[in-house]
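What follows is a short report on a single structure.
Protein chains: 2
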Amino acid sequence: MTLTEARAELKARQARMAAYEHAMGLIYYDGATGAPKGTADNRAQSLAVLSEESYKLATGDETVELLEYLDANKDELDESERRQVYLLLKDVRSMRKIPMDEFVAYQRLLAEADAVWHEAKEKSDFPLFEPLLKQIFDTNIRFAGYIEPSKKPYDYWLGEYEDGLTMETCDKFFAALRERLVPLIERAVAAPPVDESVINGCFPTAKQEELSVWLMKTMGLDLDHVGLATTEHPFTTSLGSHFDERITTHYHEEDFSMSMFSVIHEGGHALYDTGSADELAYTVLDGGVSMGVHESQSRFYENILGRSRAFCALAFPKLVELFPQLGKYTAEDFYRAVNRVRPSLIRTEADEVTYCLHVMIRYELERRVMAGELDVHDLPGEWNRLYKEYLGVDVPDDRNGVLQDSHWSGGSIGYFPSYALGSAYGAQFLAKMRETVDVDACLSRGDFAPINEWNRENIWKYGSLYAPDKLLERVLGAPFDPKYYLDYLEAKVRDVYGV
Amino acid sequence: MTLTEARAELKARQARMAAYEHAMGLIYYDGATGAPKGTADNRAQSLAVLSEESYKLATGDETVELLEYLDANKDELDESERRQVYLLLKDVRSMRKIPMDEFVAYQRLLAEADAVWHEAKEKSDFPLFEPLLKQIFDTNIRFAGYIEPSKKPYDYWLGEYEDGLTMETCDKFFAALRERLVPLIERAVAAPPVDESVINGCFPTAKQEELSVWLMKTMGLDLDHVGLATTEHPFTTSLGSHFDERITTHYHEEDFSMSMFSVIHEGGHALYDTGSADELAYTVLDGGVSMGVHESQSRFYENILGRSRAFCALAFPKLVELFPQLGKYTAEDFYRAVNRVRPSLIRTEADEVTYCLHVMIRYELERRVMAGELDVHDLPGEWNRLYKEYLGVDVPDDRNGVLQDSHWSGGSIGYFPSYALGSAYGAQFLAKMRETVDVDACLSRGDFAPINEWNRENIWKYGSLYAPDKLLERVLGAPFDPKYYLDYLEAKVRDVYGV
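As given, the protein sequences belong to chains A and B, one line each in that order.
Using the numbering used here, you'd call the opening residue of the first sequence number 1 and step up by one each time.
Using the numbering used here, you'd call the opening residue of the second sequence number 1 and step up by one each time.
This is how it looks when you write it as structure tokens:
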């Protein structure tokens, strides 16, 4: 095989992998959106087959030989190809350490767990989900041992979602957050409460759907390539390439702001993915580089932009147009309501300030289960205890407690810290962006183009070309520092509560 | 390999094939329902890969060896396995005669043609679609030559949709229809016209969606396994197995009956597919045996049941509930309106009596193009000429003429006769069913169970176990005869028009 042939084959193999990703991603998406509810077993059957085929393609001898040949000749590859080979080899070396039957069994387990978790959540019945969750934790521990036996299992998984992340880093990061957030929350809670009545009432789904489309257009999403569907737990996915992106939301007729900010959040993910340079399509470099950076974008659009005074003022007339009962309120009322600080039960509904404590609880629990210090059986009790300790709230049932998130049933253990980390990246990006872009002026006139352009040029277009730490260094020209985020949150609380 | 192993492998291979069918079917379904409109190229990319992989799986040496081994030992297989081996071998022998690059190129052509046809139809621009349509006809002719060089190409393709069907049979069948239908239509058209105002007006989509769900439940579809979505050109598809079936419809706010009968039609397909015995799932025997038998079920539910006086009387109160403006009409008005005979432009909107003439025109055109007697370039002119000759209508543009159907852009040449044939099968099934089931009484009380049970026991549960001719013989105990259908249509016209 010549180098030219090998480079062509590298491209062709990734295109084949992308087709499997498309198929599996769409089956998952379909299950979460339009599929009839009795069809989960049927999907599990097909996903098992496709993941096996895709595993064979990714880890087969031919692929490994190709990658090793290219790796040996990496000086003759361009930067993008070198990174493709690096990432694929890293992946294949990991995957080949997992016996195929265990890999396939795990896919089946996740498919089953997804269905059972839904049912368990609906019935608030943790014991129903417990045996599957235990298998998921056990499998993740076992897989980490196969792949990086020298690492602690949880360190391995943290690094999977954010390259280089470890418990040591997380501990420091969360300690820094805790130090300033806990007193901040205490001050906000002690202050006179914000009137939230503007976001509560009756908001017909059809009108909220119109709002979603307006938001997607306003934030600069290309609706020819980004679709919207409804689901139970909103998520975003690329199908095959960044040319077909799907965001999802969930409408609550009693509070339009829940879907509103979930659309902006998922829209931020979609902007990041669809902003990849077109030449990255159908390669492993297509789309965002890590969960942390992904969340930095989603939470940047949702909170830093979406909950800013300027954006609230821009959106408010549209809200009044759709929901005439809001006519008696002002944009300032709306701004204050969506920035209220109130310790609560549900992470995805948490305000910006208490949000990180929700993440911290999950981090602490995952860490202990992964270390064998906490039994899955005892998760609900510990969950409830920590919610009382950190947030001062009583968890009434497991539906509103340990069963609320879909991550564990999907095998995503080690993902949660990315949310907090991403939020903190975003605040530091904002500081940098402000050096050249008048963000508030853009938001006031509803012109996301300069903001999106900055993100595209600095972050999006690179897809996964640079590892997260390298990307951050390029963008920020300084080390990551959570102080930007804490400064930002303190300023917000001061602005809303005067404390 | 022992026979036991080979039998297990037969099952496993079909399950793998089913997963590819699931993936490709879902990508197609997604493209026709929820996908953003700029994503067709991305789907084509993935479909090309998946169809290549699926082709390799179906036609690879291992598969052929397995099938030939099982075929050589067929006396030791059960009836279902024997039929699986027969169908798979027939398929693989056909497919292996098509060079893989041509097969893959054809899949890409169809994906492109689908997008171009949509655009051409929208713009009423046949020349835009013409080069692709010519390639499709040429490829179908070439493939038929590869597979069955001794047959005329069109005979090969007719047989693909209805095993054993030939131009000779079609000619006789259509001649029989023409002989009695032409004077029948003349009589109906000469009679005083039926008042159709009951079905015309303004019927909100949301209410029509409620009607769809009511219809699906009433006709006995299991909504846990049958989904409904909206699309441009309604169709039905199974995803992976009969455990996940999707029907689609298109709402016209000015005429609720269009979607109403399309839902019942697609629902008939779905009943047939989902009625396969569960043990047929993930084998090639799962789902309906041929397009003709499939259409016999869809058109049986749509017309023979759906447009019966008894069903119209059952549905009418529900219609009034959803559309209060219908309160001034009677069920009889509705029955007459949906049974009016009026030569028209669009096949899918045609009444039951003129419908077969639409099919006949397509049959005649396909036959001539496939024989090289008519150039694709001349299709619009010939289309318009035949509509004038057979139906007496002037075709104003290609959107309402030669570009109306999706079949050709999907490569389905030879499919159309199944519609007419299926309609005729259905009338003969009805005669047989009436020997043991009081069909009108069932419909009057909204109880589809005895009707569905008859179909399940006689037709559905066998999936593709019996070839269509054998199935018909088993069900009818007599040769197929179009006279039942013609008797049925004459009785309907007599009832509605008194002529």
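Think of the CB as a built atom: it goes at the ideal place given N, C-alpha and C, for glycine as much as any other residue.
inquiry  = Is the beta carbon of B:V376 closer than 8 Å to that of B:E130?
reply    = In the second sequence, counting from the first residue as 1, residue 130 of chain B sits at position 130. In the second sequence, counting from the first residue as 1, residue 376 of chain B sits at position 376. In contact: B:E130 and B:V376 (Cβ atoms closer than 8 Å).
ask   = In whole angstroms, what is the alpha-carbon distance linking B:Y33 and A:F448?
value = The residue you call residue 33 of chain B lines up with position 33 of the second sequence. The residue you call residue 448 of chain A lines up with position 448 of the first sequence. Strictly speaking, residue 33 of chain B in this sequence is Thr, with Tyr absent from that position. Those two C-alpha atoms are separated by around 30 Å.
inquiry  = I'd like to check one pair, B:L271 with B:N452: are the Cβ atoms closer than 8 Å?
reply    = Residue numbering aside, residue 452 of chain B sits at position 452 when the second sequence is read from its first letter. Residue numbering aside, residue 271 of chain B sits at position 271 when the second sequence is read from its first letter. Yes, Cβ-Cβ distance for B:N452 and B:L271 is below 8 Å.
inquiry  = Rounded to whole angstroms, what is the Cα-Cα separation between B:E373 and B:L379?
reply    = For the purposes of this step, residue 373 of chain B is taken as the residue at position 373 of the second sequence. For the purposes of this step, residue 379 of chain B is taken as the residue at position 379 of the second sequence. So the two alpha carbons sit approximately 11 Å from each other.
query = Any Cβ of chain A within less than 8 Å of the Cβ of B:F243?
reply = By 1-based counting over the second sequence, the position of residue 243 of chain B is 243. Look at B:F243: its C-beta is under 8 Å from a C-beta on chain A.
message = Relative to the C-alpha of A:F416, which candidate in A:E162, A:L57 and A:L70 has its C-alpha closest?
response = As a working mapping, residue 416 of chain A is identified with position 416 in the first sequence. Checking every option, the nearest Cα to that of A:F416 belongs to A:E162.
request  = From the DSSP output, in three-state form, read off B:S229 for me.
outcome  = Position 229 of the second sequence, counting from 1, holds the residue named residue 229 of chain B. Per the sequence shown, the amino acid found at residue 229 of chain B is Ala instead of Ser. Residue state, collapsed to three classes: strand.
message = Short of 7 Å in beta carbon distance, which residues of its chain neighbour B:Y511, apart from the five on each side in sequence? Order them along the chain.
response = In the structure displayed, chain B extends from 1 to 499; residue 511 of chain B sits before or after that span and is not available.
query = Leaving out five residues before and five after A:E122 in sequence, what residues of the same chain have Cβ atoms less than 8 Å from its Cβ?
reply = Here residue 122 of chain A refers to the residue found at position 122 when the first sequence is read from its first residue. Here the set comprises R399.
message = Taking 8 Å as the threshold (C-beta atoms), are B:L465 and B:S80 in contact?
response = Residue mapping note: residue 80 of chain B aligns to position 80 of the second sequence, counting from 1. Residue mapping note: residue 465 of chain B aligns to position 465 of the second sequence, counting from 1. With contacts defined by Cβ atoms closer than 8 Å, B:S80 and B:L465 form a contacting pair.
request  = For my contact list, A:W460 and A:G275 are in at a C-beta cut-off of 8 Å; report their separation, rounded to the angstrom.
outcome  = Locating residue 460 of chain A in the first sequence gives position 460, counting from the first residue. Locating residue 275 of chain A in the first sequence gives position 275, counting from the first residue. Right, their Cβ atoms sit about 3 Å apart.
query = Taking DSSP as the reference, what is the three-state secondary structure of B:E247?
reply = Here residue 247 of chain B refers to the residue found at position 247 when the second sequence is read from its first residue. The sequence given here has Ile at residue 247 of chain B, not Glu. Reduced to three states, the DSSP call for B:I247 is strand.
task = Pull up the distance between the alpha-carbon of A:E5 and that of A:E62, whole angstroms please.
result = Taking the first residue of the first sequence as position 1, residue 5 of chain A is located at position 5. Taking the first residue of the first sequence as position 1, residue 62 of chain A is located at position 62. Straight-line Cα distance between these residues: approximately 14 Å.
message = Please list the terminal residues of the continuous alpha helix (DSSP H) segment that includes A:L3.
response = As a first step, residue 3 of chain A must be located in the first sequence, where it is residue number 3. L3 to A32 is the extent of the alpha helix (DSSP H) around A:L3.
request  = Return the first residue and the last residue of the alpha helix (DSSP H) that A:T218 is part of.
outcome  = Residue numbering aside, residue 218 of chain A sits at position 218 when the first sequence is read from its first letter. It spans T205 to T218 - the alpha helix (DSSP H) in which A:T218 sits, taken as one unbroken run.
ask   = Is B:T236 helix, strand or coil by DSSP?
value = Counting from 1 along the second sequence, the entry for residue 236 of chain B is found at position 236. Three-state DSSP puts B:T236 in a strand.
inquiry  = Between which residues of its own chain and A:D224 is the CB-CB distance below 8 Å, once the five residues before and five after are set aside?
reply    = For this step, residue 224 of chain A is matched to residue 224 along the first sequence. Contacts found: none.
key: the region 49 to 62 of chain A touching the region 102 to 113 of chain A, judged by at least three CB pairs closer than 8 Å   = yes
ask   = When the Cα atoms are used, what is the spatial distance from B:N455 to B:S212?
value = Here residue 455 of chain B refers to the residue found at position 455 of the second sequence. Here residue 212 of chain B refers to the residue found at position 212 of the second sequence. The alpha-carbon atoms of B:N455 and B:S212 are separated by roughly 22 Å.
Check whether A:G145 and A:P153 have beta carbons under 8 Å apart = On the first sequence, residue 145 of chain A is found 145 positions in, with the first residue counted as 1. On the first sequence, residue 153 of chain A is found 153 positions in, with the first residue counted as 1. Cβ atoms of A:G145 and A:P153: closer than 8 Å.
Between the CA atoms of B:S259 and B:E210 - distance to the nearest angstrom = Within the second sequence, numbered from 1, the residue matching residue 210 of chain B stands at position 210. Within the second sequence, numbered from 1, the residue matching residue 259 of chain B stands at position 259. The alpha-carbon atoms of B:E210 and B:S259 are separated by roughly 12 Å.
message = I need the boundaries of the alpha helix (DSSP H) containing A:R82, first residue and last residue.
response = Counting from 1 along the first sequence, the entry for residue 82 of chain A is found at position 82. Taken as a continuous stretch (DSSP letters only), the alpha helix (DSSP H) holding A:R82 covers E79 to M95.
inquiry  = Just to make sure I have the definition right: I need the residues of chain B whose C-beta is within less than 9 Å of the C-beta of A:A229. Which are they?
reply    = If you number the first sequence from 1, residue 229 of chain A lands on position 229. Those are G34, listed as they occur along chain B.
ask   = So B:Y485 packs on B:A441, CB below 8 Å; how close in whole Å?
value = Taking the second sequence and counting its residues from 1, the one referred to as residue 485 of chain B is at position 485. Taking the second sequence and counting its residues from 1, the one referred to as residue 441 of chain B is at position 441. In this structure, B:Y485 and B:A441 do not form a Cβ contact; the two beta carbons are roughly 23 Å apart against a cut-off of 8 Å.
query = Do B:T236 and B:R246 come within 8 Å of each other at the CB atom, strictly closer than that value?
reply = Position 246 of the second sequence, counted from the first residue, corresponds to residue 246 of chain B. Position 236 of the second sequence, counted from the first residue, corresponds to residue 236 of chain B. Taking C-beta atoms as the reference points, B:R246 and B:T236 count as a pair closer than 8 Å.
ask   = Does the Cβ-Cβ distance between B:V359 and B:Y425 come in under 8 Å?
value = In the second sequence, residue 359 of chain B corresponds to position 359, counting from 1. In the second sequence, residue 425 of chain B corresponds to position 425, counting from 1. In this structure, B:V359 sits away from B:Y425, with a CB-CB distance that is not shorter than 8 Å.
inquiry  = With a threshold of 6 Å on Cβ separation, who are the neighbours of B:T566 within its own chain once the five nearest residues in sequence on each side are excluded?
reply    = Residue 566 of chain B is absent from the structure shown; chain B starts at 1 and stops at 499.
ask   = Would you say the region 60 to 74 of chain A touches the region 22 to 42 of chain A, given that touching needs at least three Cβ pairs under 8 Å?
value = no
request  = Consult DSSP for B:N200 and reduce its assignment to one of helix, strand or coil.
outcome  = Within the second sequence, residue 200 of chain B is the residue found at index 200, counting from 1. The answer is strand: DSSP assigns B:N200 an E or B state.
ask   = Hey, A:A277 and A:G463: beta-carbon distance below 8 Å or not?
value = As a first step, residue 277 of chain A must be located in the first sequence, where it is residue number 277. As a first step, residue 463 of chain A must be located in the first sequence, where it is residue number 463. Yes.
request  = Can you tell me which of the three DSSP states A:S241 falls into?
outcome  = Within the first sequence, numbered from 1, the residue matching residue 241 of chain A stands at position 241. Three-state DSSP puts A:S241 in a strand.
key: Host alpha helix (DSSP H) of B:L486 (start-end)   = If you number the second sequence from 1, residue 486 of chain B lands on position 486. B:L486 -> alpha helix (DSSP H) spans K483 to Y497.
query = Per the contact definition of three or more C-beta pairs closer than 8 Å, is the region 347 to 357 of chain B in contact with the region 190 to 198 of chain B?
reply = No, they do not touch.
key: For B:I501, the nearest candidate out of B:Y355, B:G31 and B:N140 (CA to CA)   = Examination of residue 501 of chain B is not possible in this model, given that chain B is present from 1 through 499 alone.
task = Could you pull the start and end residues of the alpha helix (DSSP H) that B:Y387 belongs to?
result = In the second sequence, the residue the question calls residue 387 of chain B occupies position 387. Neither: B:Y387 is in no alpha helix (DSSP H) and is coded neither H nor E.
query = Checking contacts by CB at 8 Å: is B:D224 closer than that to chain A?
reply = Taking the first residue of the second sequence as 1, we reach residue 224 of chain B at position 224. It does: the Cβ of B:D224 has a partner Cβ on chain A nearer than 8 Å.
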